[in-house]
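The opening residue of the sequence shown carries number 1249 in my numbering; numbering runs sequentially from there.
Notes follow once the structure below has been shown.
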Amino acid sequence: MDNMNKLIPVSQNYIAFFLTFGCNLHCPYCINEHSESGAKKSGVKMMIAEDWILATNRFVLRGELPITLQGGEPTLHKGFYQIVSEVDKTIKMDLLTNMLFDVDEFIKRVPVWRFDRTAPYSPIRVSYHPGQNDIDDLKAKTLKLLEKGYKVGVFAIDHPDEEIKKNILKAELKCKEVGIDFRLKEFLGDWEGQLYGTYKYDGCVNRSIFKTCDCRTSEILVNPAGYIFRCHSDLYKNRTPIAHILDEDLQLGHLEQFRQCDYYGDCNPCDVKVKTNRFQIFGHTSVQIKNIRQRAININANCVKGRNL
Ligand code: SF4
Ligand code: SF4
């Protein structure tokens, strides 16, 4: 594979390595835990640290574009510390975590430069889940990491439930009074019969009427086995991977192509919501969809309710 093939195309705005779908929390809204056909239960074989390192070091990233390590809980991958310390220093990385890890071990084993880049949001993004992880624990760990020079912020979902909302507001106050960057993320998907989120395409997340369309992605989503998927719906359903990151002839330019999809209607809110891109410009969607049409064939969409955080 030559350098041209390894260069991430300009069209790609996000690269996510889902190191594991496993997690040590059990959020009731988690698609990993509760999907009947979801990724956690699909028997996806996890790639070892050496292979992640090999594949990652072949990438040539543009500017400040990072590779985001996420999951599940990415720190649960047995080779997490090996990956973050051995991947080439020129590769920028972000981390999405529930922060249940041992913070002293993290400080000992993760160089500060690994998650250090210029961005309008912190490269280490901790997710607070009311009733699951403890905000006082997150606050103490975050302060410890900030003191050591890591860039860390805490995020929570702007949940429509009044009690959860109150809990999150308290957490926000606790973080802000000690100078921790705390941000709210939009709630997406269904709650008590109402669909939340702003979606670009009509009926794309209705999960009842399925159509055929042509779709192209602006994100490189890699599952724990190393397969690349064009969207979160395909990723979590383990549906039609488009390549593998260890493929000798991996042609990243091919990711830009429109591909036929027969699962329009089962799109994941993350892929079709109108949002800000990595430059914080509003109006972006992760996928572009065109030629929406009647399905020629009848396929079991294998659809489930759920959302990804
Ligand atoms: S939502 Fe995140 S933290 Fe909660 S169970 Fe799922 S992966 Fe774990
Ligand atoms: S149309 Fe929806 S389900 Fe199909 S590839 Fe695009 S985002 Fe995924």
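Every residue, glycine too, gets a C-beta built ideally from N, C-alpha and C.
Considering only the alpha carbon of each residue, which of G1437, C1452, F1458 and C1518 lies closest to I1537? Measuring from the Cα of I1537, the nearest candidate turns out to be C1452.
Would you mind reading off the limits of the beta strand (DSSP E) that contains R1464? K1459 to T1465
Answer with buried or exposed for S1375, where buried requires no fewer than 16 other C-beta atoms within 10 angstroms of its C-beta. So S1375 ends up on the buried side.
Do the CB positions of E1467 and N1261 come within less than 8 Å of each other? yes
Measure the CB-CB distance between L1267 and P1489 and report whether it falls below 8 Å. no
Count the C-beta pairs between the region 1385-1397 and the region 1344-1352 that are closer than 8 Å, then say yes if the count reaches three, no if not. Of all C-beta pairs linking the region 1385-1397 to the region 1344-1352, three or more are shorter than 8 Å, placing the two stretches in contact.
Could you check what DSSP says for Y1329 in three-state terms: helix, strand or coil? helix
Compute every distance between the C-beta of E1434 and the non-hydrogen atoms of ligand 1, then say whether any falls below 7 Å. no
Within 10 angstroms of its Cβ, does W1300 collect 16 or more other Cβ (buried), or is it exposed? buried
Judging by CA-CA distance, which residue of Y1449, Y1511 and N1272 is the nearest neighbour of A1544? Y1511
What is the DSSP secondary structure of D1342, counted as helix, strand or coil? The answer is strand: DSSP assigns D1342 an E or B state.
Just to confirm the assignment, what range does the beta strand (DSSP E) spanning T1316 have? I1315 to Q1318
Validate contact between the region 1310-1328 and the region 1336-1350 using beta carbons, cut 8 Å, 3 pairs: yes
With 16 other Cβ atoms within 10 Å as the buried cut-off, status of H1480: buried
Distance, I1529 Cα to V1535 Cα: 16 Å
Those residues which DSSP pairs with A1473 across a bridge: A1473 pairs with nothing; no bridge assigned.
Please list the terminal residues of the continuous beta strand (DSSP E) segment that includes L1431. Before going further, note that residue 1431 is Arg rather than Leu in the sequence given. Looking at the DSSP string, the run of the beta strand (DSSP E) that includes R1431 is F1430 to E1434.
Whole-number beta carbon distance between N1539 and C1461, since they are thought to touch under 8 Å: 6 Å
State buried or exposed for L1216, treating a residue as buried only when at least 16 other CB atoms are found within 10 Å of its CB. Coverage of the chain is limited to positions 1249 through 1557, which leaves residue 1216 absent and any answer about it impossible.
Where the alpha helix (DSSP H) containing K1389 begins and where it ends: I1383 to E1395 is the extent of the alpha helix (DSSP H) around K1389.
Determine the contact status of I1331 and A1297, defining contact as a CB-CB distance below 8 Å. yes
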